Structures are given as structure tokens and as C-alpha cells.
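Chemist: Shown below is the structure under consideration.
There are 2 protein chains.
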Amino acid sequence: MAHLTSSVEYGIHCLLWLVDAGDAQPSSRDLAELQGVSPSFVAKIFPKLEKAGLVVASQGVRGGYRLARPPQDITVLDIVDAIEGPKPLFECLEVRRRCAVFDGEAPAWATGGVCAIHAVMQRAEQSMRDALAQETLAGLAGTLACKAPAGFGSDVQQWLSGRGAARGAVRAVPMTRRRPDPSP
Amino acid sequence: MAHLTSSVEYGIHCLLWLVDAGDAQPSSRDLAELQGVSPSFVAKIFPKLEKAGLVVASQGVRGGYRLARPPQDITVLDIVDAIEGPKPLFECLEVRRRCAVFDGEAPAWATGGVCAIHAVMQRAEQSMRDALAQETLAGLAGTLACKAPAGFGSDVQQWLSGRGAARGAVRAVPMTRRRPDPSP
DNA sequence: GGAAATCTACTCGGATACCGCGTGTCCGAGTTATGGTGG
DNA sequence: CCACCATAACTCGGACACGCGGTATCCGAGTAGATTTCC
Chain A
1 MAHLTSSVEY
11 GIHCLLWLVD
21 AGDAQPSSRD
31 LAELQGVSPS
41 FVAKIFPKLE
51 KAGLVVASQG
61 VRGGYRLARP
71 PQDITVLDIV
81 DAIEGPKPLF
91 ECLEVRRRCA
101 VFDGEAPAWA
111 TGGVCAIHAV
121 MQRAEQSMRD
131 ALAQETLAGL
141 AGTLACKAPA
151 GFGSDVQQWL
161 SGRGAARGAV
171 RAVPMTRRRP
181 DPSP
Chain B
185 MAHLTSSVEY
195 GIHCLLWLVD
205 AGDAQPSSRD
215 LAELQGVSPS
225 FVAKIFPKLE
235 KAGLVVASQG
245 VRGGYRLARP
255 PQDITVLDIV
265 DAIEGPKPLF
275 ECLEVRRRCA
285 VFDGEAPAWA
295 TGGVCAIHAV
305 MQRAEQSMRD
315 ALAQETLAGL
325 AGTLACKAPA
335 GFGSDVQQWL
345 SGRGAARGAV
355 RAVPMTRRRP
365 DPSP
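This is the structure:
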């Protein structure tokens with residue numbers, strides 16, 4: 001985890017819409033246009049969520065994504081790790097080894113164990129991870145549901161269902177099958 | 185604060201050397217060469233520490249830096265904020281306002297208060313900041329002093345004092361003052 | 001001998017290039033529903 | 001009426017540019033100390 005990027009923000013917002021999506025399987029494009037953000041960019045995020053086992057993908061014209069687990073079993077930390085990868089908050093450069101007083105060879109007492117500064121950073125990172133792990137998708141969705149008026153959830157469901165039903169329903173060009181050649 | 189950069193690591197290491205520097209005022213160059221890192225880069229970090237009131241600078245050939253406060257009054261969080269500036273861990277893009285269901289104008293219930301996702305990130309950041317604020321320069325220095333053998337501290341002091349005494353002591357070119365023109 | 005003047009080396013401090021990562025976009029491979037076609 | 005098949009649109013998934021922030025470097029302004037010179 002480096003610093004929390006906008007990819008993480010998009011990912012969490014998308015997964016929140018999936019919590020109440022019902023039987024619809026919104027595509028990454030549906031979710032992007034529902035939120036007014038770049039469809040290409042959202043499409044780049046979802047493969048990471050799928051590899052981490054947070055969502056499952058369906059192929060084809062009616063395909064899309066749905067949550068792989070109940071929302072109460074998905075923490076914000078899971079999402080952050082899935083999108084940003086295992087990058088630590090702090091990378092120790094082992095400056096302590098290069099002290100000029102050592103004359104080229106660092107003694108064992110200087111290189112043993114974890115660098116004290118590194119240890120502080122690791123504790124801080126662990127505190128942050130603990131805080132992120134305490135919040136689940138279900139909890140976030142509940143908070144949002146309390147703020148929204150009663151009919152909003154079904155409005156969104158209708159919007160998504162309408163998008164899904166419209167896929168491939170209208171063919172721009174009517175089918176013009178080339179007839180088998182009737183003559184010699 | 186974004187992600188903890190190597191500037192922060194260099195800064196903390198330098199300040200730790202200053203804790204036990206005694207009366208010597210090491211220059212940024214001294215501290216860099218003591219640790220085997222780029223003097224130019226270290227020289228770029230210290231002005232930030234000075235503006236934040238963590239160190240005081242002395243000009244001139246025997247100039248250098250010393251701590252502005254007792255080391256027990258300088259926390260790791262102070263150093264991180266001084267070097268990285270006030271950047272937050274997470275910048276909310278206010279995606280919630282752009283929901284397509286709203287048709288261009290977001291209702292008040294959607295924009296009021298703090299975004300739920302943003303709130304989670306703020307809590308996580310606060311946990312990290314609390315962890316960083318619990319550790320002081322004095323605490324870190326004590327941990328390191330326990331690891332090092334008895335004579336190490338005075339060895340470093342001698343190294344720094346030697347550097348300081350050598351400054352400007354040997355003139356490469358002896359002074360050749362141009363005499364006032366004696367005759368017209 | 002004492003004091004002023006001068007010079008040097010060193011310091012801090014900010015302005016300037018290089019590079020990697022994140023953001024954003026595009027295009028190809030694969031799959032499913034569709035609608036016509038023939039038996 | 002039913003089974004089959006070719007088509008097309010849509011999906012996912014990865015490969016390709018652009019821009020910004022961090023890393024690293026260099027150079028100028030200013031000052032304290034050391035040396036020299038004069039009274």
C-alpha cells in the first residue's frame with residue numbers, strides 16, 4: 001500500500017453499488033456511467049478485484065460483475081490491498097549500515113533486527129490497516145442507506161436493470177444473412 | 185502526508201545524529217557523509233525542518249544545524265509533517281455527486297456531511313498519525329543507544345568534532361594580498 | 001603588540017533536470033444472445 | 001413447429017501514451033573565521 005489512490009476510491013464506490021444490485025450483473029461500463037467517471041479507467045480496476053477474489057465476472061453480452069462474498073465479509077482493507085498490491089507504507093533503505101564510523105563493514109549490532117525507524121513505521125501502518133479492516137462493505141452500505149431517502153435504492157436498481165435489458169436488444173443493422181448461392 | 189518517502193527517512197536519521205551531537209553543529213554535508221548518502225539531497229531536506237521549527241541553522245564556515253527543542257518534545261509525526269507537508273492520505277473526489285440517477289443536480293442528502301468512504305480513510309489516517317505521534321526523537325535515540333556498544337557515542341562525537349575543527353583550517357592557497365600601489 | 005581591513009572557504013537556500021508511478025485511453029480475444037434458415 | 005447456424009454487439013482483459021510528484025544535482029547569496037598589514 002502506498003498512498004491511497006483514486007483507483008481505490010473508484011473501486012470502493014463501484015463495489016458499494018454492487019451490494020444492492022440484486023440479480024442484475026452490471027458491467028464495468030454501467031457502473032462507470034452510473035457514477036459519471038471514465039469507463040476505461042473503471043474497466044482497468046475490476047480485473048484486480050477479480051484476481052483478489054472479491055468479485056466474479058461473467059462474459060458475454062449480458063455479462064458483468066457481482067460480489068463473490070457477502071458484503072459483511074469484505075473489508076475496506078481487502079479492497080485497498082487488492083487494488084494497490086502489497087506495497088508497504090515505508091521502504092527502509094538501511095541507512096544505518098552505511099555509517100562512516102564503521103569504515104565499510106557494519107558490525108552485527110548495527111544490522112541485526114529491524115531498524116528502529118522502520119519499526120515505528122510498521123506500527124503506524126498496522127494501526128492504519130487495523131482501522132481499514134474494521135469497516136466492511138456492508139457497514140458502509142448501511143451508512144449510505146440511512147442517508148438516502150426510501151425510494152432511492154429501487155431507483156438505482158431500476159436504472160441498472162434497464163441498462164442490462166437494453167444490451168443488444170436493438171440491433172443497429174438488421175441481420176442480412178448472405179443467402180447460399182442458388183445457381184450453379 | 186502522502187506515502188512516507190525516503191526524504192522522511194533521511195530526515196529522521198539526520199535528526200537522530202543531532203540528538204547526541206553535543207556542542208558540535210554538524211552541517212548538512214557532515215551528516216550526509218557520516219551516513220553515506222547524497223549531500224545535495226540532505227541539503228534540500230533541512231530547510232523544511234528549519235521552517236517547521238525543529239532545527240535552527242547557523243551560517244558561516246563553522247555553521248550547521250542543531251535541534252531547536254529537546255528531543256523528547258519532537259515526535260516522528262512532527263518530522264513527517266515538516267517534510268511532506270499537509271497532504272492528506274486520501275483526497276475525496278466527491279464521486280457521490282455525479283450519480284446519473286440525479287440527472288445533473290445532486291440533492292442535499294447526497295452532498296451533506298463527509299463522504300462515508302472519506303470518513304473511513306480519515307479514521308485510518310488518524311490512527312496512523314496517533315501512532316507516529318507517540319514516538320519521540322528521544323525514545324528512538326534511547327532504543328538505538330541500547331543496541332550500540334558503550335564507546336560508539338563518543339566515537340561519533342569525535343568524528344563530528346573532527347569534521348568541524350577541520351573546516352577552513354587548511355588554506356589551499358596562502359593569502360596573497362595585493363599591496364596598495366606605492367607609486368604613480 | 002593591537003586593531004582594522006581583506007580575503008577565502010564554507011555554509012545555507014532555492015531554482016533546475018531526470019525518472020518512475022499513477023492516471024487515463026485504446027484495441028484485440030472471447031463469449032453470449034439474437035434472428036434468420038432450412039427441414 | 002423445431003433445431004441449427006452465422007452474425008453482431010457486447011463483454012473482459014491487457015498493452016500503450018501523458019502528466020505529475022519525488023529524487024537527485026547544481027549554482028548563487030551571505031557570513032564567520034583566518035591571515036595580513038599598518039599604526
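In the order they appear, the protein sequences are chains A and B. With this note's numbering, the residue at position 22 of the first sequence is 22, and numbering never jumps. With this note's numbering, the residue at position 174 of the second sequence is 358, and numbering never jumps. We put the beta carbon where it would ideally sit given N, CA and C, even for glycine. Here the structure is a predicted model, which means the values were calculated and not measured.
1) Just the chain A side, please: which residues come within less than 7 Å of Asp339(B) by C-beta, in chain order?
2) Could you tell me which of Gly53(A), Gly64(A), Cys146(A), Ser7(A) sits nearest to Ser38(A), measuring between CA atoms?
3) Could you give the distance in angstroms between the alpha-carbon of Lys51(A) and the alpha-carbon of Trp17(A)?
4) Any beta carbon of chain B sitting closer than 7 Å to that of Lys147(A)?
5) By the criterion of Cβ-Cβ separation under 7 Å, what are the contact partners of Arg307(B) in chain A?
6) Can you give me, in chain order, the residues of the region 207-221 of chain B that have a beta carbon less than 8 Å from any beta carbon in chain A?
7) Using the Cβ count rule (16 or more neighbours within 10 Å means buried), how would you classify Cys330(B)?
8) Within 10 angstroms of the Cβ of Glu94(A), are there 16 or more other Cβ atoms? Answer buried if so, exposed if not.
9) Show which residues of chain B have a CB atom less than 8 Å away from the CB atom of Arg98(A).
10) Short check: CB of Val264(B) to CB of Leu251(B), under 7 Å?
11) What in chain B is Cβ-close to Ser58(A), meaning under 7 Å?
12) So, Thr111(A) versus Arg97(A), is the Cβ gap smaller than 7 Å?
13) Which residue marks the beginning of the alpha helix (DSSP H) containing Gly22(A), and which one marks its end?
14) When DSSP labels each residue in this structure, what does Ala252(B) get in the three-state scheme?
15) Can you tell me which of the three DSSP states Ser222(B) falls into?
16) Please state whether the Cβ-Cβ distance between Gly164(A) and Ala32(A) is less than 7 Å.
17) Answer with yes or no whether the minimum CB distance from Thr111(A) to chain B is below 7 Å.
18) Could you work out which residues of chain A lie near Val304(B), taking near to mean beta carbons separated by less than 8 Å?
19) In this structure, how does DSSP classify Val56(A) when only helix, strand and coil are distinguished?
20) What are the start and end residues of the alpha helix (DSSP H) that includes Gln157(A)?
21) Put Thr143(A) into one of helix, strand or coil per three-state DSSP.
22) Looking at the secondary structure, which residues open and close the alpha helix (DSSP H) in which Asp78(A) lies?
23) Compute the Euclidean distance between the alpha carbons of Glu91(A) and Gly335(B), then round it to the nearest angstrom.
24) Using 7 Å as the limit for Cβ to Cβ distance, is Arg311(B) near chain A?
25) Tell me, to the nearest whole angstrom, how far the beta carbon of Ala116(A) is from that of Leu328(B); I am working on the premise that it is less than 8 Å.
26) List, in chain order, every chain A residue whose beta-carbon is nearer than 7 Å to that of Ala349(B).
27) Select from the region 46-73 of chain A all residues with a C-beta closer than 7 Å to any C-beta belonging to chain B, and list them in chain order.
28) Buried or exposed, going by whether 16 or more other CB atoms sit within 10 Å of the CB of Pro149(A)?
29) Roughly how many angstroms lie between the CA atoms of Val114(A) and Ser224(B), to the nearest whole one?
30) Taking 7 Å as the cut-off, decide whether the C-beta atoms of Leu261(B) and Leu316(B) are in contact.
31) Comparing C-alpha positions only, which one of Pro255(B), Val285(B), Gly248(B), Pro270(B) sits nearest to Glu196(B)?
Modeler: For this structure:
1) Val101
2) Ser7(A)
3) 19 Å
4) yes
5) Ala131
6) Glu217, Leu218, Gln219, Gly220, Val221
7) exposed
8) exposed
9) Gln219, Gly220, Val221
10) no
11) Result: empty, since nearest Cβ-Cβ is about 22 Å, beyond 7 Å.
12) yes
13) Note, Gly22(A): premise wrong, no alpha helix (DSSP H); not H, not E.
14) coil
15) coil
16) no
17) no
18) Val76, Ala131, Leu132, Glu135, Leu140
19) strand
20) 152-166
21) helix
22) 76-84
23) 30 Å
24) Sequence check: residue 311(B) is Ser here, not Arg. Answer yes: the Cβ-Cβ gap between Ser311(B) and chain A drops below 7 Å somewhere.
25) 6 Å
26) In chain order: nothing, as chain A lies at least about 16 Å away.
27) none
28) exposed
29) 28 Å
30) yes
31) Reading off the sequence, residue 196(B) comes out as Ile, not Glu. Nearest of Pro255(B), Val285(B), Gly248(B), Pro270(B) to Ile196(B), Cα basis: Pro255(B).
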